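Quick note: the sequence shown uses our numbering, first residue 245, plus one each step.
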Amino acid sequence: MKRIGFYLSLMAVLSSIANMGCSKRESHRPADNRAIKQGVLYYTAADELIRYDFQSKEEITLFSEGDHYRISPDAKQFIWYKNNFSDGTAHVQIHDLSTPSDYELVTIPSTLERTPQFIPGTSNFYAALVRAADGTIKREDLMLFNSDNNQIVGRIPHVKDFAVLPNGHDLVISAEVLDAQGEANGFALAVIKNFQSENGQESMLIHQYPDYTQLPTDISVSSNGQQIVFTHLDHLYTVYIQEHATPKQITQSRFREVDAAWSKDGKYIIFTGNTPDPSLDCGEIRIIPANPQNPILIPEDRANNEPVDPLQPIDTKEKSIHACGSEPYVWI
245 MKRIGFYLSL MAVLSSIANM GCSKRESHRP ADNRAIKQGV LYYTAADELI RYDFQSKEEI
305 TLFSEGDHYR ISPDAKQFIW YKNNFSDGTA HVQIHDLSTP SDYELVTIPS TLERTPQFIP
365 GTSNFYAALV RAADGTIKRE DLMLFNSDNN QIVGRIPHVK DFAVLPNGHD LVISAEVLDA
425 QGEANGFALA VIKNFQSENG QESMLIHQYP DYTQLPTDIS VSSNGQQIVF THLDHLYTVY
485 IQEHATPKQI TQSRFREVDA AWSKDGKYII FTGNTPDPSL DCGEIRIIPA NPQNPILIPE
545 DRANNEPVDP LQPIDTKEKS IHACGSEPYV WI
């Protein structure tokens, strides 16, 4: 696969789609006031990879020699990277969670902008965002690379964010759509089906956006592969992976909600709340129902790490817990 060419089919439908929809905001306290007591959560807290047990309320540090860790969907591996700007390469480390000190080192011929993502169903292919090859400022490309031979095997220009579906064959992207001359021709949330195939790819437009700044970020796919959650204009939205779907706003706050992910059963969404600094994405870990009727008002943090919501995960001292510099959570 040399280049993933979905732009022409996507361009054909962009001009016919109009943004629509509005939402009513309301304060919300979950009807279910019982704390969640089952499951395990993986996330980044500065340079630490943390495992949190909902039943025991214990936080265990699994690794602390890197940052911005990404966990595989099956929670068996994790990955992180270091850029070498002197030679324009990136050193990617792939670890087994059962033996974190052991790892596979992959050197790829490009510096990275975000931690690579695992591709379900494969053991040697990964996807990551890199600086745009055409040199456009504030633009990134989606790159697919092979860890067996350290080779770049595919590239999509001007992708702001992406997520691989659980089937390992389809890809959700938020991207600037380019015409044949390389000029911007729209901004879209879309699906590329069979993205690893050179000839069998298909594209589907989910939703169109007016400009690059409004494209979704922090995209996370539900375990059944039917919905995504993402950050748009500082708050969380969900949408079904369907053609011409309308995203639904599910949070509202004074600050930002980022790094969202789904519970395994799809009933809840976990995220980092009240993050004032886009460069750090640090804040308290919050949980909300995945399908509220109206956007949920996210309360501001209390003093002394006192929890503000019954669904909020807390530690053994009954204090709120935090993530910082995290990739999307993995909750199993």
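Even glycine gets a Cβ: it sits at the ideal position worked out from N, Cα and C. As the structure is a prediction and not an experimental result, all values here were calculated from the model.
In whole angstroms, what separates the C-alpha of residue i from that of residue j?
i: V502; j: T516; result: 5 Å
i: E292; j: P491; result: 33 Å
i: L285; j: G430; result: 37 Å
i: S418; j: Q440; result: 18 Å
i: H335; j: P344; result: 17 Å
i: P454; j: A489; result: 16 Å
i: E487; j: W506; result: 22 Å
i: V574; j: P317; result: 7 Å
i: S601; j: T475; result: With the chain covering 245 to 576 only, the question about residue 601 has no answer from this structure.
i: D521; j: N443; result: 42 Å
i: D276; j: T355; result: Confidence is the limiting factor: at D276 the pLDDT is only 46, short of 50, which leaves the residue's position unreliable, though a coordinate-based value still follows. The straight-line gap from Cα to Cα measures roughly 45 Å.
i: G265; j: R498; result: For G265, the predicted model reports a pLDDT of 39, less than 50, meaning its position is unreliable; a value from the coordinates is still stated below. Distance between the alpha carbons of G265 and R498: 22 Å.
i: S391; j: I323; result: 12 Å
i: Q537; j: Y296; result: 29 Å
i: F307; j: P572; result: 17 Å
i: E562; j: G283; result: 18 Å
i: R500; j: C526; result: 10 Å
i: P360; j: T482; result: 23 Å
i: A319; j: G332; result: 30 Å
i: S467; j: G426; result: 35 Å
i: M387; j: N394; result: 12 Å
i: P353; j: T380; result: 19 Å
i: P410; j: G469; result: 6 Å
i: I494; j: T519; result: 17 Å
i: L555; j: L524; result: 24 Å
i: I436; j: A504; result: 22 Å
i: E544; j: Q496; result: 11 Å
i: I396; j: A567; result: 32 Å
i: I280; j: K382; result: 40 Å
i: Q321; j: L480; result: 27 Å
i: D414; j: N438; result: 5 Å
i: D423; j: D311; result: 37 Å
i: M448; j: E550; result: 44 Å
i: Y325; j: Q445; result: 29 Å
Could you please give me the residues that DSSP links to residue i through a beta bridge?
i: L524; result: Bridge partners of L524: none, in fact.
i: L415; result: V408 and I436
i: G398; result: L388
i: V502; result: T516
i: I558; result: S564
i: A428; result: L422
i: L646; result: Absent from the structure is residue 646, since the part of the chain shown begins at 245 and ends at 576.
i: T495; result: I540
i: P533; result: Y512
i: Y296; result: L285 and E303
i: L449; result: A434
i: V574; result: Y286
i: Q471; result: Y484
i: T461; result: T475
i: V552; result: Its beta-bridge partners do not exist; DSSP assigns none.
Note down, in chain order, each residue of its chain lying with its Cβ closer than 8 Å to the Cβ of residue i, except the 5 sequence neighbours on either side.
i: T366; result: G412
i: S377; result: Per the sequence shown, the amino acid found at residue 377 is Ala instead of Ser. For A377, where only same-chain residues beyond five positions count, the Cβ hits under 8 Å are D385, R399 and P401.
i: D346; result: H339 and D340
i: Q458; result: F431, H476 and L477
i: E309; result: D291
i: E357; result: A372, L373, V374, R375 and E384
i: N548; result: K563
i: S267; result: With a pLDDT of only 41 at S267, under 50, the local geometry of the prediction cannot be trusted, and no value is derived from it.
For the putative contact between residue i and residue j, defined by C-beta atoms under 8 Å, what is the C-beta separation to the nearest angstrom?
i: D462; j: D405; result: 7 Å
i: I565; j: I529; result: 5 Å
i: Y313; j: T288; result: 5 Å
i: P557; j: F298; result: 7 Å
i: A534; j: G569; result: At roughly 25 Å, the Cβ-Cβ gap does not stay under 8 Å, so A534 and G569 are not in contact.
i: I304; j: I315; result: Incorrect: roughly 14 Å between the Cβ atoms, too far for contact.
To which residues of the same chain is residue i closer than 6 Å at the C-beta, ignoring the five residues directly before and after it?
i: I532; result: I513 and I540
i: L433; result: S418, I450, H451 and P460
i: E420; result: H402, A428, F431 and Y456
i: I576; result: V284, A319 and K508
Spatial neighbours of residue i within its chain, please: CB distance less than 7 Å, with the 5 preceding and 5 following residues excluded, ordered by chain position.
i: R546; result: V552
i: A407; result: V416, I463, S464, V465 and I472
i: I363; result: F369, Y370, A371, V408 and G412
i: K301; result: I558, D559 and T560
i: S342; result: none
i: Y484; result: Q470 and Q471
i: L349; result: H335 and Q337
i: N327; result: A334, T355 and L356
If we cut at 9 Å on Cβ distances, does residue i have a partner in chain B?
i: D503; result: Given the protein chain composition of this structure (a single chain), no chain B is represented.
Which runs of the beta strand (DSSP E) spanning at least 3 residues fall entirely within the region 312-395, listed in chain order?
321-328, 333-340, 343-352, 369-375 and 384-390
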